[in-house]
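Take a look at the structure below.
Numbering (the working numbering), first residue to last: 8 to 133.
Shown next, in the form of structure tokens:
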């Protein structure tokens, strides 16, 4: 199911997805609220939208947060670190006060922590 991610023809030259992300897409482990791994048409639309909104950046989206306009992206201008941007913010403000991660693994750990906290908040509603 790797075709759900961007293909090597669609990705910027020299960039390839980390194996962990490929595996998540392959086994379709894409939803861990509040984050959703972007695939298919939604991924392609977000990728093109980021290129249009932030032409000074080279961003490859990974996941979108459901409760904000935050998007986790590979930042190819910064040694492929993962940054959280606030999509639709004015150019230059999209990453204001947002976290960065040196590896996909670090971001994924934080995303799962968000998932655990999200579940706790929903459990309080019962």
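Just so it is clear, CB atoms sit at the ideal spot from N, CA and C, and this is done for glycine as well.
- When DSSP states are grouped into helix, strand and coil, residue 112 belongs to the helix group.
- The residues 11, 12, 32 and 37, in chain order, have a CB closer than 7 Å to that of residue 46 in the same chain once the five nearest residues on each side in sequence are set aside.
- In summary, residue 101 is buried, with 16 or more beta-carbon neighbours lying within 10 Å of its beta-carbon over all protein chains present.
- Per DSSP, reduced to three states, the secondary structure at residue 123 is helical.
- Within the same chain, and ignoring the five residues on either side of residue 106 in sequence, the residues whose Cβ sits closer than 8 Å to its Cβ are 90, 91 and 117.
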